[in-house]
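Per full-length UniProt numbering, residue 1 is the first one in the sequence shown, and the count goes up by one each step.
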Amino acid sequence: MYPVFFMIYRDIVCVYVCMVMYVIMYVDDGVCCLNPTAPINIHSDSNGSCDLKCKYSFKYNDSHVQVTNKGDYLSLSYEQTSVPPVIYNAKKYQVEEIRVYQPSLHHYSGVKADAEMVVVHNSGTSKLIVSIPISSSGPQTSGSQLIRNVLSSMDKTNVETNVPVQTNVTNFNLNKIVPMKPFYSYKGSLPYPPCNGIYDYVVFSQDNGGSIGLDAVSMSILKSTIVEHTRNALDNKEAGIEFFYNSNGPTTRIGMGGGEEDDIYIECHPTGEDGEILVEKNKREMVDGKGLVNVLSKDAKAIWNSPYIQVIIGVVLMVAIFFLAKMTMGFLTSMSSNGGSFLSNLSFGRKIISST
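As structure tokens, then:
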């Protein structure tokens, strides 16, 4: 009986380990997202306004563009400068990467745009994503021409997947691409695998003229270059994700006309219902220990919810159960080989047997 039990248990453990390895490879390959909080469906029924807390100002620079075809998206490089080009809610950001997907990752009133440009920014301590829908029916601008030039360069070079290509575009500038229109904002995970982290989002919508136009020929080049992604946007209400509306839109930084840039800006802090600055309140809580406990509990929860940690814990538990079962069976086998029943080999059992 015991050998049969061990064979069955061994097979169960082997199947579990294989499933764990498959999950790890599945997540690492960027195919699966566990518990994503982005992208979402953008519509007019927002949770309120955020004209101050979501202030977005920029002064982007010209850049050479290197493009890499990643299969289901284009990755565009963007040269960094000594002065961060973006200020969002009092933090300065550099451009980290630009991606173009087709169709769009976000939905707009339940409808996908033809494509979407995702501009990832990094401040060193936080991340910002600026999302711009691309539409064949959108307004044709100087930014549209820049995108056309990039796609035209790729079309002429017959780009292979994962092979970086230096285009002949030397004046690529996001100033000409980012719409000066109202936008929406929310906090969410990365909108594509591994779908981790917490990002601030600035999302323009094609519903209020916040898209950039692209002609049919260029759109055809884009669609023939990368495959359609298969991700779906979340319903923000079902997912419990709040998003807000900035009716003012972005602003250009001082110095856009060529003058010396002035880095003076107004720092905006969120306030409670009583008008108290929540940032200052959090600082006081950190001093008396309450805030530290909250931070640690949130970090512990985030670590516990990590799929990698859960996989590791599962493996450890399975191994522990395996060795516990093995020790138990070894003990039972040893007792049986010494004669007598399992009960008679226990001190308590001996007392019961002797009394009878």
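The C-beta atom is built at its ideal place from N, Cα and C for all residues, glycine as well.
Using the three-state DSSP reduction, which class does residue i fall into: helix, strand or coil?
| i | result |
| --- | --- |
| residue 313 | helix |
| residue 127 | strand |
| residue 79 | coil |
| residue 232 | coil |
| residue 223 | helix |
| residue 68 | strand |
| residue 40 | strand |
| residue 175 | helix |
| residue 213 | strand |
| residue 198 | coil |
| residue 334 | helix |
| residue 153 | helix |
| residue 402 | The structure shown does not extend to residue 402, since the chain spans only 1 to 356, so no value can be given for it. |
| residue 260 | The predicted position of residue 260 is uncertain, since its pLDDT is 38 and thus under 50; no value can be drawn from it. |
| residue 136 | coil |
| residue 63 | strand |
| residue 185 | strand |
| residue 287 | Confidence at residue 287 is low in this model, with a pLDDT of 47, below 50, so the placement of that residue is unreliable and no value is reported for it. |
| residue 46 | coil |
| residue 326 | helix |
| residue 318 | helix |
| residue 26 | Confidence in residue 26 is poor, its pLDDT being 35 and thus under 50, which makes the residue's placement too unreliable to answer from. |
Thinking C-alpha only, which one of the options is nearest residue i?
| i | options | result |
| --- | --- | --- |
| residue 126 | 178, 196 and 313 | 196 |
| residue 177 | 43, 60 and 54 | 60 |
| residue 86 | 329, 253 and 37 | 253 |
| residue 224 | 65, 102 and 78 | 102 |
| residue 201 | 221, 117, 212 and 172 | 117 |
| residue 33 | 250, 214 and 189 | 189 |
| residue 63 | 330, 172 and 50 | 172 |
| residue 44 | 148, 143 and 205 | 205 |
| residue 191 | 128, 144 and 207 | 128 |
| residue 147 | 106, 162 and 66 | 66 |
| residue 70 | 241, 100 and 180 | 100 |
| residue 82 | 95, 312 and 230 | 95 |
| residue 249 | 40, 75, 130 and 122 | 130 |
| residue 46 | 236, 138 and 193 | 236 |
| residue 175 | 149, 142 and 222 | 142 |
| residue 208 | 183, 152 and 111 | 183 |
| residue 120 | 55, 232, 97 and 323 | 97 |
| residue 152 | 193, 105, 93 and 214 | 214 |
| residue 88 | 109, 80 and 53 | 53 |
| residue 49 | 320, 232, 243 and 194 | 243 |
| residue 137 | 149, 150, 115 and 241 | 115 |
| residue 231 | 72, 42, 57 and 58 | 72 |
Run the CB neighbour count on residue i, radius 10 Å, all protein chains shown included, and call it buried at 16 or more, exposed below.
| i | result |
| --- | --- |
| residue 140 | exposed |
| residue 327 | exposed |
| residue 113 | buried |
| residue 164 | exposed |
| residue 216 | exposed |
| residue 317 | exposed |
| residue 160 | exposed |
| residue 169 | buried |
| residue 246 | buried |
| residue 287 | Since pLDDT at residue 287 reaches only 47, below the 50 mark, its modelled position is unreliable, and the value read off the structure follows with that caveat. Its Cβ having fewer than 16 others within 10 Å, residue 287 is exposed. |
| residue 144 | buried |
| residue 167 | buried |
| residue 134 | buried |
| residue 132 | buried |
| residue 309 | exposed |
| residue 234 | buried |
The beta strand (DSSP E) spanning residue i covers which residue range?
| i | result |
| --- | --- |
| residue 205 | No beta strand (DSSP E) holds residue 205; DSSP gives it neither H nor E. |
| residue 192 | Premise fails: residue 192 is in no beta strand (DSSP E) and is neither H nor E. |
| residue 119 | 115 to 122 |
| residue 161 | Unbroken run through residue 161: none, as it is neither H nor E. |
| residue 73 | Here residue 73 belongs to no beta strand (DSSP E), and DSSP marks it neither H nor E. |
| residue 58 | 56 to 58 |
| residue 248 | Note, residue 248: premise wrong, no beta strand (DSSP E); not H, not E. |
Which first and last residues belong to the alpha helix (DSSP H) in which residue i is found?
| i | result |
| --- | --- |
| residue 239 | 236 to 239 |
For a minimum of 3 consecutive residues, which ranges assigned as the beta strand (DSSP E) are wholly contained in the stretch 81 to 113? Fully enclosed beta strand (DSSP E) runs of 3 or longer: 86 to 88 and 91 to 101.
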